[in-house]
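In our numbering, the protein residues as written are 755 to 1056.
The C-beta atom is built at its ideal place from N, Cα and C for all residues, glycine as well.
Following: one structure in structure tokens, then a few remarks.
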Ligand SMILES: Cc1ncc(C[n+]2csc(CCOP(=O)(O)OP(=O)(O)O)c2C)c(N)n1
């Protein structure tokens, strides 16, 4: 069965008519992920856009066809670990999933997540990374890229956007030897489905999936370009797709041949309102950061 056939016949476990912004990649990521994870699952969605657009259920009109709970911003991994442990005795086949934003993951929930990986909790933790606290007004998070104009790192006469650089949580969790770590993109759906299937097969530890999730409202792009921006992020090596399992890194996209001719990161930045003030030095700093991270990743992958 092809991926297209699989997705066409799999049940959509998320209700139609959610109030996500147009072009929100997180909604597509949630629907696609749940098609692979399947109905025998329990999902935790902390405060953020996905909770806000109604995935946990509003007024009996929205929600999901599986049980959903709403952890706090900072405790998704520990709450879902407890739920998994309760199910481990009753029915170990129940998949326990966290679907959390980058703020809830790399900042507020980092300690819980790191501890759950260390304890080898058998949960699937999915971070949809829209690169900011988008639901509450576009504040900078730990994954906001260098130079981005956010409400807490504005560009103006005193500052030029975010001075920090994007925190690399997938690499940090790989270094912690989580059972399975992968980066995913809504622009590469066969790879996305393949990695979710692998995460579902893990029985001896934590699976961490990090999805870059273009956000037209926060990035200042038009909704129909979300998939295109996700693709450009991969092709410019801004967000390479790879996986880590049992000591081995494997780069999925771009291929090494394509990476050797990768487009400059400026092609990903172009047209995004959050970067329109960027001066040459900041754009160069971002390119150097991307090059350095790609160098580390490609050496790790041999
Ligand atoms: C401890 C705590 N601080 C602040 C909030 C308010 N709050 C609700 S959602 C949210 C943004 C979450 O950002 P992120 O996890 O990146 O998800 P996104 O909104 O981008 O989907 C914040 C700060 C909260 N719920 N709990």
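Please tell me whether residue i has its Cβ less than 8 Å away from any Cβ of chain D.
i, result
"residue 814", "Although the question refers to chain D, the structure presented lacks it and comprises just one protein chain."
In this structure, what does DSSP give as the bridge partners for residue i?
i, result
"residue 981", "Answer by DSSP bridge pairing: none, since residue 981 is not bridged."
"residue 852", "798 and 879"
"residue 907", "904"
"residue 893", "887"
"residue 768", "818"
"residue 934", "961 and 999"
Per DSSP, what kind of secondary structure is residue i in: helix, strand or coil?
i, result
"residue 822", "strand"
"residue 939", "strand"
"residue 914", "strand"
"residue 812", "coil"
"residue 847", "coil"
"residue 949", "helix"
"residue 758", "helix"
"residue 838", "helix"
"residue 956", "coil"
"residue 807", "coil"
"residue 864", "helix"
"residue 827", "coil"
Contact defined as beta carbons within less than 8 Å: I believe residue i pairs with residue j. What is the distance between those atoms, to the nearest angstrom?
i, j, result
"residue 954", "residue 848", "The pair is not a contact, with the Cβ atoms about 12 Å apart (cut-off 8 Å)."
"residue 981", "residue 994", "The pair is not a contact, with the Cβ atoms about 17 Å apart (cut-off 8 Å)."
"residue 891", "residue 905", "5 Å"
"residue 939", "residue 987", "7 Å"
"residue 852", "residue 877", "6 Å"
Alpha carbon to alpha carbon, how far is residue i from residue j?
i, j, result
"residue 856", "residue 1011", "31 Å"
"residue 1022", "residue 840", "44 Å"
"residue 958", "residue 844", "17 Å"
"residue 967", "residue 910", "27 Å"
"residue 782", "residue 797", "16 Å"
"residue 908", "residue 833", "35 Å"
"residue 846", "residue 949", "21 Å"
"residue 1029", "residue 882", "21 Å"
"residue 894", "residue 777", "21 Å"
"residue 821", "residue 879", "16 Å"
"residue 921", "residue 896", "5 Å"
"residue 773", "residue 872", "36 Å"
"residue 793", "residue 818", "10 Å"
"residue 971", "residue 1050", "32 Å"
"residue 1007", "residue 826", "34 Å"
"residue 862", "residue 828", "5 Å"
"residue 923", "residue 864", "9 Å"
"residue 804", "residue 870", "22 Å"
Ordered list of beta strand (DSSP E) runs contained in the segment 961–1014, each at least 3 residues: 961–966, 995–999 and 1002–1007
Length-filtered (4 minimum) alpha helix (DSSP H) runs lying within the segment 1010–1051: 1010–1014 and 1020–1023
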